[in-house]
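These notes concern the structure reproduced below.
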Amino acid sequence: MIGIIMFGVALVMLMLGFPVAFTFGGVALFFGVFAEGMDLFAFMPFRIMSVMQNTVLMAVPLFIFMGVVLQRTRLAEQLLTSMGRLFGGLPGGLAISTILVGALLAASTGVVGASVVAMGLISLPVMLAHKYDKRLSTGTLGQIVPPSIILIILGDVLGLPVGDLFKAAVWPGVVLIGLYIIYILIMTRLKPETAPAMPEDPTRSRKQEIVSALLAIIPPLALIVVVLGSIFSGIATPTESSALGGVGAIVLALIYRQFSFKMVWDSAKDTVKVTAMVFAILIGATAFSMVFSYTGGDYILEEWLTALPGEQWGFIILAMLVILILGFFIDFVEISFIIVPILAPVAEAMGINMLWFAILIAMNLQTSFLTPPFGFSLFYLKGVAPPEVRTTDIYRGIIPFIAIQILVLALIVVFPEWFGMSSTY
Amino acid sequence: MRWIIKLDEGLDRLATFCGWVACLAMILMAANVFYDVVARYLFNSVSIGMQEMEWHLYSVVFLMGIPYALRADGHVRVDVFYARWGDKAKAWINLIGAVIFVLPFAYLIGTYGYDFAVDSYKMGESSGDPGGLPHRFIIKAVIPFSAFFIATAGLGMITFALRVMSGEKSYEVEHSAGGLA
Amino acid sequence: QEKFTLRLAETWGPNFPIFGEATKNMAEMAEKMSDGRLRIRIDSSNKHKAPFGVFDMVKAGQYDMGHSASYYWKGKVPNTLFFTSMPFGMTAQEQYAWFYYGDGMELMQEVYEPHNLMSFPGGNTGIQMGGWFRKEINSVDDLQGLKMRIPGFAGEVFAEVGVSPTNIAPGELYTALERNTIDAVEWVGPALDLRLGFQQIADYYYTGWHEPATELQFLVNKKTWEKLPADLQEILRISMRTAAYDMLIQSQHENAQAWASIKEEYPDVQVKQFPEAVFEAMYKANQKLLKEAAEGDELASRIVASQEEYLKKSRAYTDISERAYLNTMAEVE
Ligand code: NA
Ligand code: NA
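Chains as they are written, first to last, in the numbering used here: chain A, 1194 to 1618; chain B, 115 to 295; chain C, 110 to 442.
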């Protein structure tokens, strides 16, 4: 019960505008000390240490660094505007380019925070500079494909081969990206002013435009290929590839004569600021979830879940609803470890195909990054957005993208065969 | 008021120092990871010590970065109302928040983090892996250090809020929330 | 009568097969035997978030008990290394005999005592497999520069013969092996390896040598233990011992089943043994490292001597009993 009251209080406190990380930490502190005493916080150094030793999260500062260098050297802008030019007079070109580049990055990093923040750094200023609507721009960054990190954790919790999960996630990912793009196309048809087409240069022919755009895309795109390629060829793990990206960005800067030690130092400064923002939230949230579970919140959740119906469709629909709603409040690792183990044996007993079930959960969890009030991606986006983008802009901007994700989730529930899966064995 | 300004400027320098350490760690970490990949792929040489150094540096980046970002107002706020308020109201929010949230949080992490590091020192803890780094207490000690600097940055929020209240400073100018460049 | 609720932190995540069942099993037995006077509440790593902080948390009294493996604490207390399993060491039967009828329990207590802790055997995985390799190992040369995820003391032995032990986050192990970022992975045995899917991407499954009898551990905070009345102490002791023994048997069962399914579904997987020259080199490296570990530490040298002596004696009997029988069977079949 204490956990639930704590959620309510944290929500109200967040609205006051004090930094999110410390609001989480501070509220947790009051409830924790009140319910369990000071000594509960003796667990905090261990929890911080486990973040420190989580080497997968190392990708966060490294990818941010790559993003910042690309932004400072204006290479990112060049990539996105050139891609946008390829779309010619078509409005929304920049947004579509952002979606494509973001999908590449998200698929390669696997760490949601890293790709959202890096893309936010790279593309938000460009879209805003080209007079894109604030909501459409930030919403665009709410696009996600199921990141590998969720699949790996689910593979572990459900005892499924990771390789099979990766394969099964490909089609849902492709469909998601397709729908995001279709949405942008429809939106820009209805309201062209939200995403104006790139201005055409009257002195050059369309062909010249395309050639120069293609030429401009190559270097930054090569960088992304290096990052992805190093992962797929096994030269580097996904975490390490982010360091290659950072060094590669600096090399590009050298080639384009944008390099200076000051640029590197300033990039490091920006990186530190954004990284600190991300990890402060992680640490505040871990204090929060510590108090939640040590005051019995996890047992209450367990009770709710064991009351789910024992008939296949009712079970699936309610289980998905429960995860979706909990995803509004709790982070996905907690859900994977607390809730999935309770649901899994029930699903298995019903003869539900566990691979399909896992993909449903993964799709559902990725949405939880976006749903207010506790959607980590929302906080991260706010953290890197220019001051004129308000929290409410972000909340409203992502709604259509959440809707698309829920739509695809529903499609996979109803027509698993469209995605190369079956609902039962 | 004079001594508040002096104190505030001192605290600002402390936060800047944290940021400087974090930046240095950031650059070293990128170089470290890059070196490890190149050494492994091209020269087939792997050093667990160097691999462990990666997360040591990465920890310094965020643990020292948090107090720096607190001063630089780099932490996210839900600004549904905050953005509309005037400087006085913002100052009050920051002052009260620093007193009831930041300082107690830093205090608890600091005291328990101190025990955590001392215990490791007493045991002479090192890495358990072949070729791993010795003296684990050093990296564990970064936790209480970070807490200490979070506390000083929290104090800095208070002194800055007082300066804003007196009309001598304002949030828009010094503290540009969100956005980087 | 007073009731006690002990809080136990385990290194594993919730519902972790076999290892996690040993803890639950122990808690259930203790509660039933004590008629509800002794309850044990288990917190998995998702709750305490410190899988490798179990030692410290039990030591400090943040938890009353722990379930983990002794060799994880080697960096903190070097002598804890010896109570899990040693390369070229005893089999599970032999090692249990050493613990309960040799000097094992006393020596273990001597190591843990100064840290306000008690340690008890906590379940055995049986012999662990030598790991999944993507290339065949035909000579010591093939090991040079081979990048392998293998932690701890066995990693040091491998390093001595030319392998490059490599740290990879568990979440990235599968992809790292699949894409040749590393060449080999050591995990546990069929039942647990199957979950990570290595059989899909590596064809050579090497037999074990480095952990012939991995024994987990139950840690108990000494003050907690002393608070318990004598009958509950005994109930707890018996529950831990029974759960440990049961885990060895369950491991045998689950591994046999998992192995059968790997054989059927992945016919390309070949079981291999390292060539004799490789074993000899590793054996030599092992002896050298053991000698180094024993040097300059009185307790360490006593432990090493006790294990060596016990191994020699019990192996002589194992040779004419288990081994002779298995050899005979191999001929008959
Ligand atoms: Na959420
Ligand atoms: Na192992």
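Glycine included, every Cβ here is placed at the ideal spot set by N, Cα and C.
Bear in mind the structure is a predicted one, so any value in this text is a computation, not a measurement.
| request: Report all residues from its chain with a CB closer than 8 Å to the CB of I1552 (chain A); omit the five preceding and five following residues, and keep chain order. | output: Within the same chain, I1552 (chain A) has close Cβ partners P1339, L1358, A1361, A1362, P1365, I1605, F1612, M1614.
| request: Return helix, strand or coil for V329 (chain C), following the three-state DSSP convention. | output: Strand.
| said: Within 10 Å of its beta-carbon, does V1628 (chain A) have 16 or more other beta-carbons around it, so buried, or fewer, so exposed? | reply: Because chain A in this structure spans residues 1194 to 1618, residue 1628 (chain A) falls outside the shown range and cannot be described.
| query | Does the count of Cβ pairs from the stretch 1452-1461 of chain A and the stretch 1272-1283 of chain A closer than 8 Å reach three? | reply | No, the stretch 1452-1461 of chain A does not touch the stretch 1272-1283 of chain A.
| query | Is the beta carbon of G447 (chain C) less than 7 Å from the beta carbon of Y180 (chain C)? | reply | The question about residue 447 (chain C) has no answer here: the residues shown for chain C are numbered 110 through 442.
| query | Hey, does V1249 (chain A) have any beta-carbon neighbour from chain C nearer than 7 Å? | reply | True, the Cβ-Cβ gap to chain C drops below 7 Å.
| message | Within 7 Å of any Cβ in chain A, is that where the Cβ of A367 (chain C) sits? | response | Put simply, the CB of A367 (chain C) is far from chain A, with every gap to its CB atoms at 7 Å or more.
| message | Which residue marks the beginning of the alpha helix (DSSP H) containing V1606 (chain A), and which one marks its end? | response | Element bounds for V1606 (chain A): 1584-1607.
| task | Please go through the stretch 364-426 of chain C and give each complete beta strand (DSSP E) segment of 3 or more residues, from N-terminal end onward. | result | The qualifying runs are 379-381.
| message | Counting only beta-carbon separations shorter than 7 Å, does T193 (chain C) have a partner in chain B? | response | For T193 (chain C), the answer is no, since every Cβ of chain B falls outside 7 Å of its Cβ.
| request: Have a look at C:I151, C:K158, C:Y283, C:S273 and flag the residue whose alpha-carbon is nearest the alpha-carbon of K256 (chain C). | output: The residue with the shortest Cα to Cα distance from K256 (chain C) is C:S273.
| request: Please list, in chain order, all residues of the same chain as F1287 (chain A) whose beta carbon is under 8 Å from its beta carbon, the five residues on each side excluded. | output: With the sequence shown as reference, residue 1287 (chain A) is identified as Leu, and Phe is not the correct amino acid for it. Hits under 8 Å: L1273, T1274, M1276, G1277, S1316, V1319, M1320, H1323, Y1325, A1388, M1391.
| task | Using the Cα positions of G213 (chain C) and S228 (chain C), report the straight-line distance between them to the nearest angstrom. | result | So the alpha carbons of these two residues sit roughly 11 Å apart.
| task | Take the Cβ of G184 (chain C) as the centre, count every other Cβ of all protein chains shown within 10 Å, and call the residue buried at 16 or more, exposed below. | result | Buried is the call here.
| message | Which same chain residues end up closer than 6 Å to A1228 (chain A) when comparing Cβ atoms and leaving out the 5 residues on each side of it in sequence? | response | The residues I1195, T1488, in chain order, have a CB closer than 6 Å to that of A1228 (chain A) in the same chain once the five nearest residues on each side in sequence are set aside.
| query | What do you get for Q253 (chain C), buried or exposed, if any count of 16 or more other CB atoms within 10 angstroms of its CB means buried? | reply | Answer is exposed; the Cβ neighbour count stays below 16.
| said: Along the stretch 250-273 of chain C, where does the CB come closer than 7 Å to a CB of chain B? Name the residues. | reply: From the stretch 250-273 of chain C, only G254, K256, P260, G261, G264, E265, A268, S273 have a Cβ closer than 7 Å to chain B.
| task | Have a look at A1409 (chain A) and V192 (chain B) and give me their C-alpha separation to the nearest angstrom. | result | So the two alpha carbons sit approximately 38 Å from each other.
| message | Under 7 Å, Cβ to Cβ, is there at least one residue of chain B near V1440 (chain A)? | response | For V1440 (chain A), at least one C-beta of chain B is nearer than 7 Å to its own C-beta.
| With a CB to CB cut of under 6 Å and the five nearest residues on each side skipped, what residues in its chain are close to F263 (chain B)? | If we look at F263 (chain B) and ignore the five residues flanking it on each side, its Cβ neighbours are C132, P181.
| Should the stretch 231-242 of chain B be regarded as contacting the stretch 134-153 of chain B, the criterion being three or more beta carbon pairs within less than 8 Å? | Cβ pair count under 8 Å is below three, so no.
| said: For I1509 (chain A) and V413 (chain C), what's the separation of their Cα atoms in angstroms? | reply: Counting only the Cα atoms, V413 (chain C) lies some 56 Å from I1509 (chain A).
| Taking only runs of the alpha helix (DSSP H) that begin and end inside the stretch 1488-1550 of chain A, which ones reach a length of at least 4 residues, in chain order? | Within the stretch 1488-1550 of chain A, the complete alpha helix (DSSP H) runs of at least 4 residues are 1490-1499, 1505-1522, 1533-1542.
| For Y434 (chain C), which three-state DSSP category applies? | Helix, per DSSP.
| query | Which residue from C:K393, C:E287, C:K156, C:I149 puts its Cα closest to that of D1491 (chain A)? | reply | Nearest C-alpha to D1491 (chain A): C:K156.
| query | Under 7 Å between C-beta atoms, does E239 (chain B) make it to chain C? | reply | By this cut-off, E239 (chain B) is an interface position.
| Cβ-based contacts, 8 Å cut-off: residues of the stretch 1443-1461 of chain A near chain E | Absent from the structure is chain E; the protein chains it does hold are A, B and C.
| message | Just to confirm my understanding: we take F191 (chain C), look at its own chain, exclude 5 residues before and 5 after, and list those with CB closer than 6 Å. What are they? | response | Contacts found: I412.
| Per-residue contacts from P244 (chain B) into chain C (C-beta, under 7 Å) | G264, E265, A268, P274, listed in chain order.
| For M167 (chain B) and L247 (chain B), believed in contact at Cβ under 8 Å, the rounded distance | Yes, they are in contact, since the Cβ atoms of L247 (chain B) and M167 (chain B) sit about 7 Å apart, within 8 Å.
| Hey, is T333 (chain C)'s beta-carbon within less than 7 Å of any beta-carbon in chain A? | Output row for T333 (chain C): interface = no.
| request: Output the distance between the C-alpha atoms of E288 (chain B) and E287 (chain C), rounded to the nearest integer angstrom. | output: Any answer about E288 (chain B) is weak, because its pLDDT of 37 lies below 50 and its placement is not dependable; what the coordinates show is given next. Those two C-alpha atoms are separated by around 51 Å.
| Close-in-space but distant-in-sequence residues of the same chain around A1627 (chain A) (CB under 6 Å, 5 per side omitted) | In the structure as shown, chain A begins at 1194 and stops at 1618. Residue 1627 (chain A) is therefore absent and cannot be evaluated.
| field | Rounded distance between the beta-carbons of G162 (chain C) and F1485 (chain A), thought under 8 Å | value | Not confirmed; about 20 Å, so no contact.
| Three-state secondary structure assigned by DSSP to N134 (chain C) | DSSP places N134 (chain C) in helix when its eight states are reduced to three.
| query | What number of angstroms, rounded off, separates the C-alpha of P338 (chain C) from the C-alpha of M356 (chain C)? | reply | The straight-line gap from Cα to Cα measures roughly 27 Å.
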